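Just so we're aligned: 60 in this note's numbering is position 39 of the sequence shown, and the numbers increase by one with no gaps anywhere.
To start, the structure under review is shown below, and the notes come after it.
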Amino acid sequence: MLEDKKIKKIPIEEVIEFFQNEGMEITEKEAELIMEFLYTLTLAVIRKYLGSE
(Lines of atoms letter the chains of each structure in order from A and count residues from 1; the text may use other names and numbers.)
(Lines give C-alpha, C1' and ligand atoms only; values in the text may rest on other atoms or scores of the structure.)
Protein backbone atom coordinates (compact mmCIF):
# COMPACT_ATOMS: atom_id res chain seq x y z
CA MET A 1 0.00 0.00 0.00
CA LEU A 2 2.80 2.42 0.84
CA GLU A 3 4.26 1.96 -2.63
CA ASP A 4 1.05 3.42 -4.08
CA LYS A 5 1.60 6.72 -2.27
CA LYS A 6 3.48 9.49 -4.04
CA ILE A 7 5.04 12.51 -2.42
CA LYS A 8 4.43 15.74 -4.29
CA LYS A 9 7.72 17.00 -5.69
CA ILE A 10 8.55 20.64 -5.10
CA PRO A 11 9.92 22.37 -8.20
CA ILE A 12 13.66 23.06 -7.97
CA GLU A 13 13.04 26.72 -8.77
CA GLU A 14 10.90 27.01 -5.63
CA VAL A 15 13.64 25.39 -3.55
CA ILE A 16 16.24 27.82 -4.86
CA GLU A 17 13.87 30.75 -4.23
CA PHE A 18 13.21 29.55 -0.67
CA PHE A 19 16.93 29.46 0.11
CA GLN A 20 17.45 32.87 -1.52
CA ASN A 21 14.71 34.31 0.71
CA GLU A 22 16.61 32.89 3.69
CA GLY A 23 19.81 34.60 2.52
CA MET A 24 21.52 31.55 1.01
CA GLU A 25 22.61 31.13 -2.57
CA ILE A 26 22.56 27.54 -3.82
CA THR A 27 23.01 26.05 -7.26
CA GLU A 28 20.43 23.96 -9.08
CA LYS A 29 22.54 20.85 -8.42
CA GLU A 30 22.72 21.64 -4.69
CA ALA A 31 18.95 22.14 -4.59
CA GLU A 32 18.44 18.76 -6.29
CA LEU A 33 20.73 17.05 -3.76
CA ILE A 34 18.96 18.70 -0.81
CA MET A 35 15.56 17.62 -2.10
CA GLU A 36 16.74 14.09 -2.86
CA PHE A 37 17.94 13.79 0.74
CA LEU A 38 14.70 15.22 2.14
CA TYR A 39 12.52 12.89 0.04
CA THR A 40 14.59 9.90 1.17
CA LEU A 41 14.28 10.99 4.80
CA THR A 42 10.54 11.58 4.42
CA LEU A 43 9.99 8.13 2.93
CA ALA A 44 11.99 6.52 5.74
CA VAL A 45 9.87 8.27 8.39
CA ILE A 46 6.65 7.33 6.61
CA ARG A 47 7.73 3.67 6.39
CA LYS A 48 8.74 3.60 10.04
CA TYR A 49 5.67 5.23 11.53
CA LEU A 50 2.92 4.60 8.99
CA GLY A 51 4.08 1.42 7.28
CA SER A 52 2.55 -1.95 8.00
CA GLU A 53 5.91 -3.72 8.21
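For each residue, glycine too, the CB sits at the ideal point set by N, CA and C.
All values derive from a computational prediction rather than experimental measurement.
Non-local beta-carbon contacts of Glu46 in its own chain, meaning distances under 8 Å to residues more than five positions away in sequence, involve Phe40 in chain order. Inter-residue distance for Glu34 and Gly72 is about 31 Å (C-alpha atoms, whole angstroms). Distance between Leu64 and Val36, taken at the CA atoms: about 19 Å. In the structure shown, Thr48 falls within a coil segment according to DSSP collapsed to helix, strand and coil.
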